[in-house]
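Okay, structure first, notes after.
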Amino acid sequence: MRVAPPSLLARSRLGPKGYASRPPLGQAKPGRFTPRALARLPFVPFVLAASIALSGTVDAQQSSILHEFLPPDPQENLSWSTTTIDGDLPAAVQTPSGIATAPDPRRPPDARNLYGGSTTDDTPESTYEPDRDTRRPNVENYEDPFTPSTAPFKRLRAFDAVLDDYTLAVRDKTLRPVPIGGTLAPGEETFYGDFSVGLVPDQPVRIPNVGPGSRLLRLSSNPETRIEVLRDGADNWFVRGHDRKEVRLVVQLGIPRAAFGSAFADVGWTELDRLVPPQPTTHRTAFAQVADAIGISRAMRPRDVLEKMVGYFRSFEPSDDPPRGREDIYLDLALTRKGVCRHRSFAFLVTALNIGLPARMVVNEAHAWVEAFDGNLWHRIDLGGAALNMESQQDDRPAHQPPPDPYAWPESQDSGQEMADRARNDAGGQSGNAQNGGTNGAAPSPSATTSSSAAPPEPAPSATEPADPNAPPAEITVGEVGRDVRRGLPVILRGEVKSGGSACPNVRVDVVLRSTNAPEGIVVGSLSTDERGAYNGPVVIPRELSLGEYELGLRTPGGARCGAGGTK
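Start counting the sequence shown at 1; every next residue gets the next number (full-length UniProt numbering).
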């Protein structure tokens, strides 16, 4: 395989969607490796989060201009003031999850994916009725409007009140304007949002926000339209216009990063009591039974009660046998510990409000979770019970990396974040590692503390026969690699494994990244060859890897007819 590094690198803020740009700052020296030397190298260099072409047959004399997204430089930002083409949004921003680029504000609305008029009971009067179908579902057509991608935590419908019959509702339905403007505050992170909305004259249309306490920093619409953004008492967002038309809204949002994962403040019940209204008296007896099962009481500090509740509701299990027998859906779910995300969140909300914890249940088409308020900050808390899979369009947006989860998970963790990671890992089809017992290359959960230089576990031993010690060493060739290599998203690898000129069928191919911080290499996934010795599949680049230059290598332990070997 002959691969030449680029002979010219231009540093630029130029994006693929019409962003303002600046001239190249200079030229890098021509590549120091000759084609002959490169042919002997076992690894292929590439840069994460940069658009760099990797090819098995690149002319070393060919010059090319590459555009690489770089972390913002304050001095450069002052000099160039890079914005979207309409001058209203920064073209790219640095976030804890990586570089986020703004959506193109000139694109027209997408009539196939409109918020407004296509869902049932999505007005400010929307309610939610609990159910007993505790089977684990599959999710189709999840729509994610945010950059970085927050899947599956699009905050679409929130409820903070429980009626006598356990129907969930919003306590204060009054709609108040959402202020537009300001700058990112200390401790906040920013997101872009991109929505197509079907406006109804003078009627509020529900739109998602990125999390509790979101602020609207910038807003543009195409076509330009007089609109206002509103929120109710549970922080549901709506947009209201005066004409019937389809518009596309591009927004920049700010939100405290701690809302996605931080410890509940050590407040007392007195501070919280004024925030929780009296609950229906018909729920008292049922609540007492559930509180006893969990082991909570108001003799404990609120944050200790919350921790016990999170542990209890995370221990639920999906079931094909609907919970019944008590003639009370809250008791049936809470005491049997049966249910997926929406059942856990519903039972949590009833319990929290009755003991005196301000709380909400949030739900969208893919997942449900809860929020708890400590008097200063709303905390997003995932109770698990996520779907088996989630079908969503995968693109090059960075995946949101929240802070570490302050609460423990049981061994059978089934968080929404893991579901989203599986969806990204499965993009492009099932990888060979799903069949041969290798690691899947998916990033660890957000609560993991693995450093970017730490190597994930080695792949599990292959189910194929051990390598023949007398067989010639295997040689692995690599085909063309995609231009965009980004953390949290799959890269497609294809090629062949041969030994002594013959194909190596059904052998494992481990994918390794090496850098100056990890010279021994990091195994990020595995593929397997078919009967012809060919491999073809996706491997997800771990999200915890630092941006920078890495060497990509492939190796195999060999098989019955092939010795161990690596990239040639």
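Where a beta carbon is used, it is the ideal one built from N, C-alpha and C, also for glycine.
Report task. Could you tell me which residues DSSP puts in a beta bridge with A350? Result -> In the sequence under discussion, the amino acid at residue 350 is Val, which differs from the Ala named in the question. BP columns for V350 are empty, so no partner.
Requested in this report: Answer yes or no: does any C-beta atom of chain B fall closer than 8 Å to that of H379?
Outcome: Going by chain labels, chain B is absent from the structure shown, which holds only one protein chain.
Query raised in the report: What whole-angstrom Cβ distance do P318 and D332 have, given they're in contact under 8 Å?
Result: Your pair P318 and D332 does not check out as a contact, with CB atoms roughly 15 Å apart and the cut at 8 Å.
Requested in this report: Would you decide whether E531 is buried or exposed? Buried here means 16 or more other CB atoms lie within 10 Å of its CB.
Outcome: Classification for E531: exposed.
Query raised in the report: Shortest alpha-carbon distance to A471 belongs to which of S515, G559 and Y535?
Result: Considering only alpha carbons, the answer is G559.
Report task. Answer with buried or exposed for R298, where buried requires no fewer than 16 other C-beta atoms within 10 angstroms of its C-beta. Result -> Counting every other CB atom within 10 Å of its CB across the protein chains shown gives R298 a total below 16, marking it as exposed.
Report task. For the stretch 231-311, list the alpha helix (DSSP H) runs that are entirely contained and at least 4 residues long, ordered along the chain. Result -> Complete alpha helix (DSSP H) runs here, min 4: 269-273 and 284-294.
**Report entry** Cβ contact check for the stretch 277-297 and the stretch 392-403: 3 or more pairs under 8 Å
**Finding:** Taking a cut-off of 8 Å for Cβ pairs, the stretch 277-297 and the stretch 392-403 do not touch, as fewer than three such pairs fall below it.
Query raised in the report: Count the other CB atoms within 10 Å of the CB of residue 580; is the residue buried (16 or more) or exposed (fewer)?
Result: Residue coverage of the chain in this structure runs from 1 to 568, which leaves residue 580 outside it and unanswerable.
Requested in this report: With a threshold of 16 other CB atoms inside 10 Å of the CB of A442, please say whether the residue is buried or exposed.
Outcome: Here the model assigns A442 a pLDDT of 33, short of 50, so the residue's position is not dependable, and the following value carries that caveat. Looking at its Cβ environment, which holds 16 or more other Cβ atoms inside 10 Å, A442 is buried.
Query - Identity of the residue in D110, W378 and Q413 nearest G384 by Cα - result: Measuring C-alpha to C-alpha distances from G384 to each of D110, W378 and Q413 identifies Q413 as the nearest.
Query raised in the report: In its own chain, which residues sit with a C-beta less than 6 Å from the C-beta of Q279, not counting the 5 before and 5 after it?
Result: Taken in chain order, the residues that qualify are L353 and N354.
Query raised in the report: Span of the beta strand (DSSP E) holding G501?
Result: First-last for G501: undefined, no H or E at that position.
Requested in this report: Measure the C-alpha to C-alpha separation of V197 and L156 and round it to an integer number of angstroms.
Outcome: So the two alpha carbons sit approximately 14 Å from each other.
Requested in this report: Would you kindly report the start and end of the unbroken beta strand (DSSP E) that includes A102?
Outcome: In the DSSP annotation of this structure, A102 is not part of any beta strand (DSSP E), being labelled neither H nor E.
Report task. Return the chain-ordered ranges of every alpha helix (DSSP H) run that is complete within the stretch 356-392 and spans a minimum of 4 residues. Result -> Here no run is fully enclosed.
Report task. Starting from L331, follow the alpha helix (DSSP H) in both directions and report where the run begins and ends. Result -> Its alpha helix (DSSP H) spans residues I329 to T336.
**Report entry** Cα-Cα separation, F43 to T567
**Finding:** Residue confidence is low: F43 scores 45 on pLDDT, short of 50, so the model does not pin down where it sits. Its coordinate-derived value is still stated next. F43 and T567 have their C-alpha atoms spaced approximately 7 Å apart.
Requested in this report: Kindly indicate the opening and closing residues of the beta strand (DSSP E) around N536.
Outcome: Residues A534 to V540.
Requested in this report: Measure the C-alpha to C-alpha separation of K338 and F316 and round it to an integer number of angstroms.
Outcome: So the alpha carbons of these two residues sit roughly 5 Å apart.
Query raised in the report: Buried or exposed: D110, going by 16 or more other Cβ atoms within 10 Å of its Cβ?
Result: D110 should be labelled exposed.
Requested in this report: Whole angstroms is fine: what's the gap from residue 604's alpha carbon to L168's?
Outcome: Because the chain spans 1 through 568 in this model, residue 604 falls outside it and cannot be assessed.
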